[in-house]
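*Asks:*
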Amino acid sequence: MKTKYDWIIHIIKNGVPCACCGKVEDGFIEYACNCHTHGMGKYGHLDFQLVLHYSDEEVGRILNTLGMRVKAG
Numbered sequence: 077m078k079t080k081y082d083w084i085i086h087i088i089k090n091g092v093p094c095a096c097c098g099k100v101e102d103g104f105i106e107y108a109c110n111c112h113t114h115g116m117g118k119y120g121h122l123d124f125q126l127v128l129h130y131s132d133e134e135v136g137r138i139l140n141t142l143g144m145r146v147k148a149g
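Note that the sequence shown covers residues 77 to 149 in the numbering used here.
What follows is the structure, given as structure tokens:
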């Protein structure tokens, strides 16, 4: 069975172009980023933010795991 995620994860880090304007981000210090969720409020919880620079796959795994725990109560 496929897991349904009903929140969004934004990954903002050096070298990644903005989805809106296309400008490439380059303002973060080394090993830092701004990866965060949108949508945890529907579960009565604050959104999550990760500021350590991990791979996109690891960011997704961490934030989705936290989201699924909140969703499960």
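By construction, the Cβ of each residue, glycine as well, lies at the ideal position given by its N, Cα and C atoms.
What is the C-beta distance between valine 127 and alanine 108, in whole angstroms, given that I count them as a contact (C-beta under 8 Å)?
*Replies:* 6 Å
*Asks:* Can threonine 141 and phenylalanine 124 be called in contact, C-beta distance under 7 Å?
*Replies:* no
*Asks:* Count the other C-beta atoms from every protein chain shown that fall within 10 angstroms of the C-beta of isoleucine 84, then say buried if there are 16 or more, exposed otherwise.
*Replies:* exposed
*Asks:* Evaluate cysteine 111 with the Cβ neighbour count: other Cβ atoms within 10 Å of its Cβ, from every protein chain shown; 16 or more gives buried, anything less gives exposed.
*Replies:* buried
*Asks:* How is valine 100 classed by DSSP in three states: helix, strand or coil?
*Replies:* strand
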